[in-house]
Each structure stands twice: as structure tokens, then as C-alpha cells.
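Using the numbering used here, read the sequence shown as starting at 1 and increasing by one per residue. Think of the CB as a built atom: it goes at the ideal place given N, C-alpha and C, for glycine as much as any other residue. Here the structure is a predicted model, which is why all the values come from computation and not from measurement.
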Amino acid sequence: MATITVIDPVTRLEGHLKIKVAVDTVNGVQQVVDAWATGTLFRGFESILINRHPADAQHITQRICGVCPVSHGLAAVMALDQAYGITAPANARIMRNLVLGANMVDSHILHFYHLALPDFINGPDMPPWQPSWQVDKGRFSAGQTSTLVSHYVSALDMRRKAQEMGAIFGGRLPHPPTYIPGGFTTRPTSAMISQFKTYLSEITAFIENTYIPDALLLASLYDDYKGVGGGYGNLLAYGVFDLDAAGTNKLLRRGRTINASPDVQPVDVNAISEQVKYSWYNDRTDNLNPAVGVTTPQYPKNSRSLMRLMKANPQNLSLFGAYSWMKAPRYEGLPYETGALARMWVNGDYKAGVSVMDRHLARAYETLKVAEALLAWVNQINVNGSVAVSGRVPETASAIGLTEAPRGALGHWLQITDGKISRYQIITPTCWNASPRDAAGIRGPIEQALIGTPVQDVNQPIEVVRVIHSFDPCLSCAVHVMRPGEGKKIFTLHHSHGVEESHDHEHGHDHVH
1 MATITVIDPV
11 TRLEGHLKIK
21 VAVDTVNGVQ
31 QVVDAWATGT
41 LFRGFESILI
51 NRHPADAQHI
61 TQRICGVCPV
71 SHGLAAVMAL
81 DQAYGITAPA
91 NARIMRNLVL
101 GANMVDSHIL
111 HFYHLALPDF
121 INGPDMPPWQ
131 PSWQVDKGRF
141 SAGQTSTLVS
151 HYVSALDMRR
161 KAQEMGAIFG
171 GRLPHPPTYI
181 PGGFTTRPTS
191 AMISQFKTYL
201 SEITAFIENT
211 YIPDALLLAS
221 LYDDYKGVGG
231 GYGNLLAYGV
241 FDLDAAGTNK
251 LLRRGRTINA
261 SPDVQPVDVN
271 AISEQVKYSW
281 YNDRTDNLNP
291 AVGVTTPQYP
301 KNSRSLMRLM
311 KANPQNLSLF
321 GAYSWMKAPR
331 YEGLPYETGA
341 LARMWVNGDY
351 KAGVSVMDRH
361 LARAYETLKV
371 AEALLAWVNQ
381 INVNGSVAVS
391 GRVPETASAI
401 GLTEAPRGAL
411 GHWLQITDGK
421 ISRYQIITPT
431 CWNASPRDAA
441 GIRGPIEQAL
451 IGTPVQDVNQ
461 PIEVVRVIHS
471 FDPCLSCAVH
481 VMRPGEGKKI
491 FTLHHSHGVE
501 ESHDHEHGHD
511 HVH
């Protein structure tokens, strides 16, 4: 009989995520046979935007997340540009790219060294490395471990410099106020350009000489993880970093592929829907395209009798009701993975495979690709050129802003009525990746990627955490305040570097925000 293991919360990610896995022995190997991903936080940013001035969107949506706020600001102004019928001048397009690129470089360095790497090495016997779960012995030598720990510290400095680099044009990071409909508020100077290039030179050297070699070392010593965490292989990218005024050409192009096919297909935004059968939202909002989507929370959604049946039969999917604050985005009814691997695959830059290690390697290579592009873009700035054009708020309009956050495809759907926001829907990368099951019972990408993951110790399932972290989840972006319920449950608290503790709490109280 399968053992049910719960990791709640999963740490070293942004937001609140619970993972439940069923572990059983198959063909002599103890492995994950089923999985459930639960977003345990409701925020309601989409509802906050209703009846506000459209220009508020880029400021409010950036507060969804402090790790990847720039992409939300960009998606919002892209939608507003479309709604207003205006095109940002070249300088604005370039500076939008520069600030987003700095944020992406920062985020990727953060992910590898500070969020994912501790899953694979035994750090010093001191906080924040201790207490921890025991990782595989003998893979890294003592010298290699010492070097990686020193790079962990160096990466903190590189992250700071990437933030400061982005703030040169963004005004501040996180939450730059400089993204506006029709352009950018910063007037560039030669001094700004020079300072940006100084930062970029040091950061690029770190990527080339430290980050990529470390990622390659990890992949060589954990070569078996090129066969773990594959999932469906359905990859989706909206494209990012416009190279022309129309946004037709991008550094990383738009596209999708099914089952890790080398063939890239176009993206039709009308084929996207959000399902809520297993989410805490009213069923009347099920299977809607985000252009007409509605966010109506309903918690609790399941009757108490159903909840009791679920607890008694945790693997009987026919009894399973809502279990997440995340909706289930689908493209033509299929789940899709998004992120650096999807972008690099669609762009033709990386097609070695889909797995835990492939995600880490694709992210490292993408970091260098973006850094090299930043140098080309900053050299294109015209200090005497315009930075913005004016536009009038339309009485009625519908628009879409599609871009890429560090973690994957990000879409903002906007509707304006009587000059105010009347509808705003957001689908984030982690909403795609960590989605629950859909109406057909099809698992979300992370849930599917966990299937078949070998687990040596069900009490310390570090292998499960490695798969989860490879997606770099951001739950504050993905979820749309849980209330106290009844009954008791045992939850596992997974500290910053891995120790687990079992706590007996009233169900729901540990998730009230």
C-alpha cells in the first residue's frame, strides 16, 4: 500500500505551496505514484483592479510579487499600449528590455544558488545550511562542496549588482515605477549607459566563469536526474524582449511544442482556458478563456462528508474535490510547462531533453544569452531620443499583454468599460506549472513530473523537492485567505534547508493569511 507524504510548506520558493505524494514500490523501486500540488494562499489581485483607472494596473500588478515584479509591469503596459492604440518609442522599448533583463539575470542566479543548489550539497554545519535533510553522499568532493558554498556567497553579491543595474533605468528594483503606457519615464544619459555596462561586465563574467560551469558540474554528478522529472514535455512560451516596434521579432520567440517535439507550433491565445473543478472557485467560472474569465472564490467548496471520504481514501480520484487556490490553465485542453527550458526549446537554443537537470542547464544558458543581449541593447540607446508618447484612455477596449517572467509565460487580459478597468485576468507561469487536475482528471505539469521520481526515504523525500524546485515556483503570482476549518491534520514543516517537523494543528489554521 502506498505511503502518503506531505511537504507543507515547500520552502526555498516564493509563496505558499503544499505537495502531497503517494509513494509505493514499482518494479522494485520505491517511487512517487501520484501527486497533488496545492496553492494555499488566496490574494485576489484581479478583483482589486476592478473599477480602477487603467494606468493603475502596472503599479498594482507589480505588487503581486517582489521576485519578478518587472514582468507584471511590462505585461500590464503592453496591454495598456494595445488598449490605448499607441506604440512606445525605441528608447522605451530598449529600457523596458534592460530592466526586465536585469531582473531575469538576478532571478536565475537566485534560483540556482540559493533556492535549488542546497537540494544537492551538504553545506556547512551552521545556519542557514543546518538543520537539513541528508543529501547523497559521495557525489561532490569536499573541495567541490567548499567551492560551491563560496559561490553561494558570491552569488548574493551578483544578485545585488543585478538589482542595482536594473535600477539605473528602472528607478528602483523591485517594483520599478518607470513603466508607463506609451513608454518609459526615465530619460537616459551617457553616465547611465556607462554605469550599466560596468555592472553588466562583472555579472557576465560571473555567468560565464562561475554559474554555467557550476551548473554543468551539477549535471555531470547528478546525471541520473536527466531522467527524472520529465512530465508531459508540453512546452509553452509567449516570447519576450521585443526587437522591433511591433514586437514581431523577439530575442526569445513565441511558440509551443507537444511531447518535447522539435517541431514548434504557433500560439493561439483563444485556445487558452482556465478550469476550476479542483480549485476553490465557483464552478460557473469553469473552462473560460481569460478574456471573459471571472475569479469568484468559493471556499470551502467540498462538503464535510466528501472531505471525510477524501481523507479515508486519499488515492481515490473519483472522491477528490477542490484542493488548490490555483486554477488549471489548459491550451486546447492540454497542460503545458513554461519557463526557461520552454523558452530555450521553442527558440531552438536548447533541445537536449526535458528533466530536472535540463531545466537547470537551460536556465543557465538563457542567463548568458540575456546578458549578452543586454550589452547590445544598452549600446542602442539614443540619449537624445524620445522615451514616451501620450495616449488617451479609451471608453471601451479589450487588450492582452503577453510576455515572459523568469519562471515562464505570463499573460494579462484587460477590459475597459466607461474608462475604467471592468475585467482583469492574469495567468502566471506557476499557475501553468503547479496547476491542479482539470475536469478530465489530468494532472498539472509539476504533479505529472513527480510521477516516477525515486524516493529513498519517505521521511526525507529530498528527491521530490528537487523536482519541485527545478520549476522555480512562484506561488504569490499563481494563487488568486484560507479560513479555519474543522478537523485535524498532520502537516510537515519543511525548513529553509530541509528538516521536517510534524505538527498537529486545526485544519486550515496553519494557512490563514
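Check                                                                                                                                                                             : Outcome
Could you please give me the residues that DSSP links to A409 through a beta bridge?                                                                                              : E404
Since I180 sits in a beta bridge, which residues does DSSP pair it with?                                                                                                          : G183
Which same chain residues, not among the five before or five after D214, have their C-beta less than 7 Å away from its C-beta?                                                    : L148 and H151
Please name the residue in L341, M104, S47 and V356 whose C-alpha comes closest to that of G66.                                                                                   : M104
With 16 as the cutoff for other CB atoms within 10 Å, does R172 come out buried or exposed?                                                                                       : exposed
Would you kindly work out how many angstroms separate the C-alpha atoms of S47 and D286, rounded to a whole number?                                                               : 17 Å
Quick check: T295 and Y278, are their CB atoms within less than 8 Å of each other?                                                                                                : no
Let me confirm a value: H53 is counted as buried when at least 16 other C-beta atoms fall within 10 Å, else exposed. Which label applies?                                         : exposed
Kindly list the residues whose CB is nearer than 6 Å to the CB of L402, restricted to its own chain and excluding five residues on each side of it in sequence; keep chain order. : Y238 and G411
Can you tell me whether E395 is helix, strand or coil according to DSSP?                                                                                                          : coil
Going by the CB atoms, is the gap between G339 and R407 shorter than 8 Å?                                                                                                         : yes
Which term fits V29, buried or exposed, when burial requires 16 or more other beta carbons within 10 angstroms of its beta carbon?                                                : exposed
Considering only the beta carbon of each residue, do G39 and W325 sit closer than 8 Å?                                                                                            : yes
Helix, strand or coil for T5? Go by DSSP, reduced to three states.                                                                                                                : strand
Excluding the 5 residues preceding and the 5 following L251 in the sequence, name in chain order all residues of the same chain whose CB lies nearer than 6 Å to its CB.          : F241 and A373
Relative to the C-alpha of D418, which residue among V33, L13 and N51 is closest?                                                                                                 : N51
Using a Cβ-Cβ cutoff of less than 7 Å, which residues in the same chain neighbour V370 once the five nearest sequence positions on both sides are dropped?                        : G101, M104 and V105
Should D81 be flagged as near chain C, meaning a C-beta pair shorter than 8 Å?                                                                                                    : Looking for chain C here will not work: only one protein chain is present.
Once DSSP output is grouped into helix, strand and coil, what is the label at F42?                                                                                                : coil
Go ahead and label S220 buried or exposed: buried means 16 or more other beta carbons lie within 10 angstroms of its beta carbon, across all protein chains shown.                : exposed
Runs of 4 residues minimum, wholly inside the region 200-287: which ones carry the alpha helix (DSSP H) assignment?                                                               : 212-221
Let me know the secondary structure DSSP gives Y365 once reduced to three states.                                                                                                 : helix
Considering Cα atoms alone, identify which of L288, L117 and D283 is closest to N270.                                                                                             : L288
How far does the beta strand (DSSP E) with I19 in it reach, from first residue to last?                                                                                           : L17 to V26
Can you grab the Cα-Cα spacing for the pair Y350 / M344, in whole Å?                                                                                                              : 5 Å
Beta-carbon separation of L243 and R256 under 8 Å?                                                                                                                                : no
Is the CB-CB distance between I109 and R159 below 8 Å?                                                                                                                            : yes
Mind checking which residues open and close the alpha helix (DSSP H) that includes R466?                                                                                          : I462 to S470
Pull up the DSSP beta-bridge partners for R330, would you.                                                                                                                        : S273
Pull up the distance between the alpha-carbon of A37 and that of E164, whole angstroms please.                                                                                    : 35 Å
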